[in-house]
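Trainee:
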Amino acid sequence: MDNQPIQSIREILERNEQIAITVGKNPNIDEMGAALALYLSLSANNKKVTIASPTDPIVELSNLVGINKVKSSLATDGGDLVVSFPYKEGEIEKVSYTLEDGYLNIVVKAGEMGLSFSEKDVKYKRDGGGSTPVLFIVGTPRLSNLGSLFNPQTLKNTTVVNIDNKPENQGFGDVVYVSPTFSSVSEQIANIINSLNLPLDQDVAQNLMSGISFATDNFQKPTTSSLAFEMAGILMKKGALRADLNKPKSYISQTSKSFSKDFTSQLDDDDFFGLNSFTEPPIASPQNQQRQNQFQNRQNKNFPKPLQNPQFPKQQSGGQPQQPQQAHRFQGSNTSNQQFPPKNQNKQEDTPPDWLAPKIYKGSTSIE
Numbered sequence: 456m457d458n459q460p461i462q463s464i465r466e467i468l469e470r471n472e473q474i475a476i477t478v479g480k481n482p483n484i485d486e487m488g489a490a491l492a493l494y495l496s497l498s499a500n501n502k503k504v505t506i507a508s509p510t511d512p513i514v515e516l517s518n519l520v521g522i523n524k525v526k527s528s529l530a531t532d533g534g535d536l537v538v539s540f541p542y543k544e545g546e547i548e549k550v551s552y553t554l555e556d557g558y559l560n561i562v563v564k565a566g567e568m569g570l571s572f573s574e575k576d577v578k579y580k581r582d583g584g585g586s587t588p589v590l591f592i593v594g595t596p597r598l599s600n601l602g603s604l605f606n607p608q609t610l611k612n613t614t615v616v617n618i619d620n621k622p623e624n625q626g627f628g629d630v631v632y633v634s635p636t637f638s639s640v641s642e643q644i645a646n647i648i649n650s651l652n653l654p655l656d657q658d659v660a661q662n663l664m665s666g667i668s669f670a671t672d673n674f675q676k677p678t679t680s681s682l683a684f685e686m687a688g689i690l691m692k693k694g695a696l697r698a699d700l701n702k703p704k705s706y707i708s709q710t711s712k713s714f715s716k717d718f719t720s721q722l723d724d725d726d727f728f729g730l731n732s733f734t735e736p737p738i739a740s741p742q743n744q745q746r747q748n749q750f751q752n753r754q755n756k757n758f759p760k761p762l763q764n765p766q767f768p769k770q771q772s773g774g775q776p777q778q779p780q781q782a783h784r785f786q787g788s789n790t791s792n793q794q795f796p797p798k799n800q801n802k803q804e805d806t807p808p809d810w811l812a813p814k815i816y817k818g819s820t821s822i823e
């Protein structure tokens, strides 16, 4: 890694006390997190720092520490405030000021013709507000992305430091710290702060960690660099927490549970038996036969009254249980021609002595 840009930044910071930092239009968490981390670190190093963005911060940036410090211009304390309004000969007699309750009131005394302008015509601007000795431009590939923050006249004597990882960066500035091998701008700023021994507290570390996590998709992208992991370890030692930017898995789990609960609450016991019959092998019993008949009747939109479950007969004194009436349908050689006894028949057949013995198929049905 080329350390020359970092060494140049060290020399610039040693020579200057007034620093300005800016991002491009619509910055993301990585770009704004890196810029704010640099702002907080330099401010803790007793530098006079200003941070600005050409567009208002969006909601997803609200968790970054110091987001309320972002301004819409690069005006500094050294600039003059200029008040402007339209002027015509004879309209103004004199201009004076008064002090009242800590406020300076500029008084424009009207002439004989009166004032032709109103309050809405009065304009204010900071003259020389963008004239800063050092300007860090973070995560911005083109100067045009700075919008109104870029003024060639006010920045002609400014040392510009360009920090970015985008391959389309135009390479502008006096110090260029740009390479697409970096997976995030935040890891670049973290490397600068760590290499120059600048203040790195928990707030600075958390902004940088949020930026790296966003740019690398929580370190899951294949383009995540080794420097990102190295800086993440340093930031975590300073108290930074890894940001979970993905949708929580518990949300999907709760949705599935809610659907399952709503679905199963509409089923009765017979519906559950019907569902189980698809996953478990059938058992020879009168209950299964009746449930199957019920299921078929429901498919035909015929809803009979619930059938009474037949009672199993008690065991005989010999110790062998009597089998249900329909159990013999598994023994015949040709079940399609098997005749079943009527339902009102009370007499039950005796259980064959070889009921539990393995059966050998002895039927005469030929298989084509």
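If you read the sequence shown in the working numbering, its first letter stands for residue 456, the second for the next number, and so on.
Ideal placement from N, C-alpha and C gives every residue a C-beta, glycine not left out.
#1: Which first and last residues belong to the alpha helix (DSSP H) in which residue 642 is found?
#2: To the nearest angstrom, how far is it from the Cα of residue 611 to the Cα of residue 604?
#3: With DSSP collapsed to three states, give me the class of residue 462.
#4: When the Cα atoms are used, what is the spatial distance from residue 670 to residue 469?
#5: If you run the structure through DSSP and keep just helix, strand and coil, what is residue 792?
#6: Have a look at 632, 489, 588 and 635 and flag the residue whose alpha-carbon is nearest the alpha-carbon of residue 663.
#7: Please report the residue range of the alpha helix (DSSP H) in which residue 564 lies.
#8: Between residue 684 and chain D, is any beta-carbon pair separated by less than 8 Å?
#9: Cα separation between residue 629 and residue 654?
#10: Classify residue 510: buried if its beta carbon has 16 or more other beta carbons within 10 angstroms, exposed otherwise.
#11: According to the neighbour-count rule (16 or more other Cβ atoms, all chains shown, within 10 Å of its Cβ), is residue 482 buried or exposed?
#12: List the whole-angstrom C-beta distance separating residue 651 from residue 465, where the pair is believed to meet the contact cut-off of C-beta under 8 Å.
#13: In this structure, does DSSP put residue 542 in helix, strand or coil?
#14: Using the beta-carbon count (16 or more within 10 Å), is residue 479 buried or exposed?
#15: Taking DSSP as the reference, what is the three-state secondary structure of residue 473?
#16: Look up residue 551 in the DSSP assignment and say whether it is helix, strand or coil.
#17: With 16 as the cutoff for other CB atoms within 10 Å, does residue 561 come out buried or exposed?
#18: Taking 7 Å as the cut-off, is the beta-carbon of residue 460 closer than that to any non-hydrogen atom of the ligand FAD?
#19: Can you tell which of 571, 564 and 620 has the C-alpha that lies nearest to the C-alpha of residue 549?
#20: Please check the pair residue 521 and residue 495, which I expect to be a contact at CB under 8 Å, by giving their CB distance rounded to whole angstroms.
#21: Go ahead and label residue 632 buried or exposed: buried means 16 or more other beta carbons lie within 10 angstroms of its beta carbon, across all protein chains shown.
#22: For residue 471 and residue 579, what's the separation of their Cα atoms in angstroms?
#23: Less than 8 Å separating the beta-carbons of residue 505 and residue 529?
#24: Using C-beta distances below 8 Å, list every residue in its chain close to residue 596, excluding the 5 sequence neighbours before and after it, in chain order.
Mentor: The short version:
#1: 640-650
#2: 13 Å
#3: helix
#4: 31 Å
#5: Residue placement at residue 792 is poorly supported in this model, since its pLDDT is 48, which falls under 50; the coordinates still yield a value, given next. Of the three classes helix, strand and coil, the one that applies to residue 792 here is helix, per DSSP.
#6: 489
#7: Per DSSP, residue 564 belongs to no alpha helix (DSSP H); it is in the beta strand (DSSP E), 558-565.
#8: No chain D appears in this structure, which consists of one protein chain only.
#9: 25 Å
#10: exposed
#11: buried
#12: 5 Å
#13: coil
#14: buried
#15: strand
#16: strand
#17: exposed
#18: Annotation note on the ligand FAD: not contained in the displayed structure, which lists no ligands.
#19: 564
#20: 5 Å
#21: buried
#22: 29 Å
#23: yes
#24: 479, 619, 621, 623, 624 and 625
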